[in-house]
Amino acid sequence: MLTFANPPQASTATAVAAQCSRKGFTTIGITNVQPADVIDFSRFDQQSCIDLGDAIVLCVSSNGFSLPALGGTFDIMRVQGTQITFDNFTKAITQMMKPAGAQ
Amino acid sequence: MIRRTLLSLLALLVAAVALGDDCAATSPRFELNAATQNPTITFPKDTMPSTIVAGAAVKLVIGGGTPVEATVTDVTTNAFIGGSIVTLHASQPLNGPIEGTDASGLTTATVTLLPPTGNAIALCGLTPLNYSFHIGPTVSADSSSTGTGDPAGVMRFQFSRGLLRLVQVSSDPTLIPAARNLQEELSVSIDTTDRKGTGTQFIDDNRLTGAIRSPEKSFGIVLNRVRVGLEGQFARAIHSEDRNTDVTIVVDGWLPFFQAVNLLSQSRTRTLPLSFRLSAGRRSQNVSGVSSNGNVADGVVTYHLYLLDHYAVDLSEETVLNDVSDRPASTPRTQHSYKAAIFYKADPFSKFSAVASYENGHSGPVFTKLRQYFVGVGIQQLFAPSTAKP
């Protein structure tokens, strides 16, 4: 298990959120996402919401942060027909991330 | 009659392998955290009881079983949709009774949260847990349910039991749970009566369904989250000799090379790429004393594209091969069907609403109508004031 002498910095959190969000979308087949791109959740299926959430949570956890499970959130966004830019998506991930062990 | 039966059986088979029904946007979701395996509940805005705070003791009831004690370890404000995401620590592994593996989520078993005070809260489970579920048996005597022609009524028996099992085939912690676990499903469903009623709505629908599905596997930008499955269903009427057996191999996934395109748009909207589902198998049936069997196959591709910053178009094509002997003369061996649906949103971040849909067995009429429609839309856009918000 990885240990950290100092808690990760906020700037690191932003970079990790962007990197892991991009990795999450690549996991479900959406490649080369740009910050201004609008993600249309209304065309997702439920399994893609779960896979996206799991991929982001695993990536964030391997970078010294923790994140609650996100499959439920994305599934609700799917049902609501949410559209969100990738930039705002990563900001929301950053807000919800905590240094590992902070829970 | 035979065609209707075939279509019903096909629909039921598809329904049986579907991942579960949609839950309302206001229903709390239940899942396991992929990294920690902790149970997690996502409460939409204004749905979480005030008694759920960090440190609170709650209970989870899975499939109507014995309540499992749990403690709230974290409450995170949901930056996407409002509301909160609640992480629990359960007193025992929720996924342990059958396999003890670290699979995540559930669909088939019902999950209920018992908060510290107040009423139980039904949760919408997302992905499979290793858990057997059942409904029934129930027995009822209801003359109205069997038609008006049987005033004495008949006894109706309903029984359903299913088993969903996840088998971990990879322990790679970097893989998402869906890529680590093989999934096995088995269900038995009986819905019949003690004697054949005289009403027109006589029920005699009994099924044994089994399926095994591989973990998801991706191959770069060529294939994404591909699953291979073997599905089988045996259906039989108790009060007659009618029966139907289907055995099918199914492959589904996405093709990232075909990303959703944006045409004549200033912004770029992204969603899932082209998806496909292919199935092929063997069908054997006996309906009203007529036996028939043969090969069946089905292929579906679905694609999304965006137009003029305000429109989304969903396109799908399905090809069905039905080589069963004694099929009705009106049912061709190979059928193609096309569907196009158009959706509109007023501004870049509002929800799409359906405005038109075309479906046809031939490509010509569909795309002719679509072209006409979009010429109209294009002209309308030229003269309409922009409603886009910065």
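Heads up: the protein sequence lines correspond to chains V and C, in order. With numbering that gives the first Met the number 0 applied, the first sequence covers 0 to 102. With numbering that gives the first Met the number 0 applied, the second sequence covers 0 to 389. Virtual Cβ for every residue (Gly too), placed ideally from N, Cα, C.
Check whether residue i and residue j have beta carbons under 7 angstroms apart
{"i": "residue 239 (chain C)", "j": "residue 227 (chain C)", "result": "no"}
{"i": "residue 26 (chain C)", "j": "residue 123 (chain C)", "result": "yes"}
{"i": "residue 302 (chain C)", "j": "residue 311 (chain C)", "result": "no"}
{"i": "residue 338 (chain C)", "j": "residue 352 (chain C)", "result": "no"}
{"i": "residue 237 (chain C)", "j": "residue 279 (chain C)", "result": "no"}
{"i": "residue 114 (chain C)", "j": "residue 43 (chain C)", "result": "no"}
{"i": "residue 259 (chain C)", "j": "residue 270 (chain C)", "result": "yes"}
{"i": "residue 51 (chain V)", "j": "residue 73 (chain V)", "result": "yes"}
{"i": "residue 190 (chain C)", "j": "residue 157 (chain C)", "result": "yes"}
{"i": "residue 346 (chain C)", "j": "residue 289 (chain C)", "result": "no"}
{"i": "residue 27 (chain V)", "j": "residue 47 (chain V)", "result": "yes"}
{"i": "residue 61 (chain V)", "j": "residue 99 (chain V)", "result": "no"}
Buried versus exposed call for residue i [16 or more other C-beta atoms within 10 Å across all chains shown]
{"i": "residue 118 (chain C)", "result": "exposed"}
{"i": "residue 232 (chain C)", "result": "buried"}
{"i": "residue 344 (chain C)", "result": "buried"}
{"i": "residue 154 (chain C)", "result": "exposed"}
{"i": "residue 75 (chain C)", "result": "buried"}
{"i": "residue 53 (chain V)", "result": "buried"}
{"i": "residue 392 (chain C)", "result": "Nothing can be reported for residue 392 (chain C), as the shown portion of chain C is limited to 0 through 389."}
{"i": "residue 263 (chain C)", "result": "exposed"}
{"i": "residue 30 (chain C)", "result": "buried"}
{"i": "residue 16 (chain V)", "result": "buried"}
{"i": "residue 20 (chain V)", "result": "buried"}
{"i": "residue 88 (chain V)", "result": "buried"}
{"i": "residue 210 (chain C)", "result": "buried"}
{"i": "residue 77 (chain V)", "result": "buried"}
Reduced DSSP category for residue i - H, G, I as helix; E, B as strand; rest coil
{"i": "residue 229 (chain C)", "result": "strand"}
{"i": "residue 83 (chain V)", "result": "strand"}
{"i": "residue 219 (chain C)", "result": "coil"}
{"i": "residue 208 (chain C)", "result": "strand"}
{"i": "residue 123 (chain C)", "result": "strand"}
{"i": "residue 98 (chain V)", "result": "strand"}
{"i": "residue 325 (chain C)", "result": "coil"}
{"i": "residue 35 (chain V)", "result": "coil"}
{"i": "residue 342 (chain C)", "result": "strand"}
{"i": "residue 12 (chain V)", "result": "helix"}
{"i": "residue 75 (chain C)", "result": "strand"}
{"i": "residue 351 (chain C)", "result": "coil"}
{"i": "residue 36 (chain C)", "result": "coil"}
{"i": "residue 290 (chain C)", "result": "strand"}
{"i": "residue 44 (chain C)", "result": "coil"}
{"i": "residue 264 (chain C)", "result": "coil"}
{"i": "residue 298 (chain C)", "result": "strand"}
{"i": "residue 257 (chain C)", "result": "coil"}
{"i": "residue 72 (chain V)", "result": "helix"}
{"i": "residue 366 (chain C)", "result": "In this prediction, residue 366 (chain C) scores a pLDDT of 44, lower than 50, which makes its location untrustworthy; the coordinate-derived value is nonetheless stated afterwards. Note: residue 366 (chain C) maps to helix in three-state DSSP."}
{"i": "residue 21 (chain V)", "result": "helix"}
{"i": "residue 390 (chain C)", "result": "There is simply no residue 390 (chain C) to check, as chain C begins at 0 and stops at 389 in what is shown."}
{"i": "residue 78 (chain V)", "result": "helix"}
{"i": "residue 53 (chain C)", "result": "coil"}
{"i": "residue 65 (chain C)", "result": "coil"}
{"i": "residue 177 (chain C)", "result": "helix"}
{"i": "residue 70 (chain C)", "result": "strand"}
{"i": "residue 89 (chain V)", "result": "helix"}
{"i": "residue 25 (chain C)", "result": "coil"}
{"i": "residue 443 (chain C)", "result": "Any answer about residue 443 (chain C) is impossible in this case: the structure gives chain C only from 0 up to 389."}
{"i": "residue 96 (chain C)", "result": "Confidence at residue 96 (chain C) is low in this model, with a pLDDT of 42, below 50, so the placement of that residue should be treated as unreliable; the coordinate-derived value is given next. Residue 96 (chain C): coil per DSSP, three-state reduction."}
Extent of the continuous beta strand (DSSP E) run through residue i
{"i": "residue 113 (chain C)", "result": "110 to 113"}
{"i": "residue 275 (chain C)", "result": "273 to 286"}
{"i": "residue 244 (chain C)", "result": "242 to 254"}
{"i": "residue 237 (chain C)", "result": "Element bounds for residue 237 (chain C): n/a, residue is neither H nor E."}
{"i": "residue 186 (chain C)", "result": "180 to 192"}
{"i": "residue 83 (chain C)", "result": "83 to 89"}
{"i": "residue 61 (chain C)", "result": "56 to 61"}
{"i": "residue 42 (chain V)", "result": "Element bounds for residue 42 (chain V): n/a, residue is neither H nor E."}
{"i": "residue 31 (chain C)", "result": "28 to 31"}
Delimiting residues of the alpha helix (DSSP H) encompassing residue i
{"i": "residue 50 (chain V)", "result": "45 to 60"}
The ligand GTP heavy atom lying under 6 angstroms from the CB of residue i
{"i": "residue 328 (chain C)", "result": "Among the ligands in the structure shown, none appear at all, so the ligand GTP cannot be discussed."}
Which of the residues in the segment 14 to 38 of chain V, read from start to end, lie with their CB under 9 angstroms from any CB of chain C?
Taking 9 angstroms as the cut-off between beta carbons, the residues of the segment 14 to 38 of chain V near chain C are 24, 25, 26, 27, 28, 29, 30, 31, 32, 33, 35, 36, 37 and 38, in sequence order.
Of the residues that make up the segment 332 to 366 of chain C, which ones have a beta carbon closer than 7 angstroms to any beta carbon in chain V?
Within the segment 332 to 366 of chain C, the qualifying residues are 347, 348, 350 and 351.
Between the segment 38 to 54 of chain V and chain C, which residues of the former have CB atoms less than 7 angstroms from a CB of the latter, in chain order?
Taking 7 angstroms as the Cβ-Cβ cut-off, the segment 38 to 54 of chain V approaches chain C at 38, 39, 41, 42, 43, 45, 46, 47, 49, 50, 53 and 54, given in chain order.
Closer than 9 angstroms between beta carbons: that is the criterion. Which residues of the segment 62 to 76 of chain V meet it against chain C?
Listed by position along the chain: 65, 66, 67, 68, 69, 70, 71, 72, 73, 74, 75 and 76.
Determine which residues of the segment 157 to 182 of chain C have a Cβ less than 9 angstroms from any Cβ of chain V, and write them out in chain order.
Within the segment 157 to 182 of chain C, those residues whose Cβ lies closer than 9 angstroms to any Cβ of chain V are, in chain order, 172, 173, 174, 175, 176, 177 and 178.
Pull out every residue of the segment 38 to 54 of chain C whose Cβ sits closer than 8 angstroms to any Cβ of chain V, in chain order.
Residues 39, 40, 41 and 43.
Positions along the segment 283 to 308 of chain C whose CB lies within less than 7 angstroms of some CB in chain V:
If the cut-off is 7 angstroms between Cβ atoms, the segment 283 to 308 of chain C has 303 near chain V.
Counting only Cβ-Cβ distances shorter than 7 angstroms, please list the residues of the segment 238 to 257 of chain C near chain V, keeping chain order.
Result list: 253 and 255.
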